[in-house]
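Undergrad: In this note's numbering, each residue's number is its place in the sequence shown (first place is 1) plus 645.
Just so you know, even glycine gets a beta-carbon here, dropped at the ideal spot from N, CA and C.
Next up is a structure, given as structure tokens.
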Amino acid sequence: MRARAQRGYSDRTGNTVHGEAQRSALVRAAYGLIAEKGFEGLRTRDVAQRASVNIATLHYYFATKEDLIRGVVGLMRDIFSGKHPSGDFSEQEDPLLTFREDLADLPHQWRMEPQLYIVLVELYLRSLRDPAIRRIMSEMEADWTEHLTGYLARGVAQGVFRQDLDITLLATMLRTAIKGMILEILTYEEAFPAERIFIEIERWLGQHARP
646 MRARAQRGYS DRTGNTVHGE AQRSALVRAA YGLIAEKGFE GLRTRDVAQR ASVNIATLHY
706 YFATKEDLIR GVVGLMRDIF SGKHPSGDFS EQEDPLLTFR EDLADLPHQW RMEPQLYIVL
766 VELYLRSLRD PAIRRIMSEM EADWTEHLTG YLARGVAQGV FRQDLDITLL ATMLRTAIKG
826 MILEILTYEE AFPAERIFIE IERWLGQHAR P
């Protein structure tokens, strides 16, 4: 799961190395608390304490909790971006390779950053009751769909994927499938036949079998 260049996630950025370090520490602290305690355990004083700053410093960088959540989503975008932290997916990039990396990243990211999927699920659940978080998640979904649509369209144009594919519908289907696979990895990782599922999706998409 990757997204293009992230939207700004707070009104203030660190003007110095120290300022940016404080801001990043606050985002990381909030991310960790959501993973450990859910949104019910996300209190700004606890975030500030974990980041070793005072509450005034937190509010300097993040005036509201919504701003702080945007920071967490920005951090998640950076993690999801993997090899492409800038979100720069060029027109020359191999669409089949990008597709394969998107899927291969799923179990890899769970092993390397297990909090990531936990926080993602927490955000989706919270968005059902919180319009502000729903807006933030909608922005993330739009960026994700743009990424998928971009390389799927290139794949069709290059003859890598089937010519009869509905790109817009396919991007939605693939995004939905990836979210389902994230839940499966989160709950039944050992029984999840990742490689076999990835091969079947690729076979359905196109004309190229894996080597």
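Measure from the alpha carbon of Tyr706 to the alpha carbon of each residue in Ala798, Arg841 and Ser669, then state which is nearest.
TA: Of the listed residues, the one whose Cα sits closest to Tyr706 is Ser669.
Undergrad: Beta-carbon within less than 8 Å of Met782's beta-carbon, same chain only, minus the 5 sequence neighbours each way: which residues are those?
TA: Excluding sequence neighbours, Met782 sits near Val718, Leu768, Tyr769 and Ser772.
Undergrad: Could you tell me the distance, in whole angstroms, from the CA atom of Gly804 to the CA atom of Glu835?
TA: The straight-line gap from Cα to Cα measures roughly 35 Å.
Undergrad: Shortest alpha-carbon distance to Arg774 belongs to which of Glu685, Phe725, Thr661 and Met757?
TA: Ranking the options by Cα distance to Arg774, first place goes to Glu685.
Undergrad: Pair every Cβ in the segment 751-767 with every Cβ in the segment 692-709, then say whether three or more of these pairs are closer than 8 Å.
TA: The answer is no - the segment 692-709 does not touch the segment 751-767, with fewer than three Cβ pairs under 8 Å.
Undergrad: Inspect the beta-carbon positions of Arg688 and Ala674 and report whether they are closer than 8 Å.
TA: No, they are not a contact pair.
Undergrad: Assuming Ala839 contacts Leu751 (C-beta within less than 8 Å), just tell me the rounded distance between them.
TA: Correct: roughly 7 Å between the Cβ atoms.
Undergrad: Per DSSP, Phe859 is paired with what?
TA: With the chain covering 646 to 856 only, the question about residue 859 has no answer from this structure.
Undergrad: Once the 5 residues before and after Gly683 are set aside, which same chain residues still bring their CB inside 7 Å of it?
TA: Only Glu767 meet the Cβ criterion.
Undergrad: Roughly how many whole angstroms lie between the Cα atoms of Leu814 and Asp712?
TA: Approximately 32 Å, taken between the alpha carbons.
Undergrad: Indicate the three-state DSSP secondary structure (helix, strand or coil) for Ala680 in the structure shown.
TA: Note: Ala680 maps to helix in three-state DSSP.
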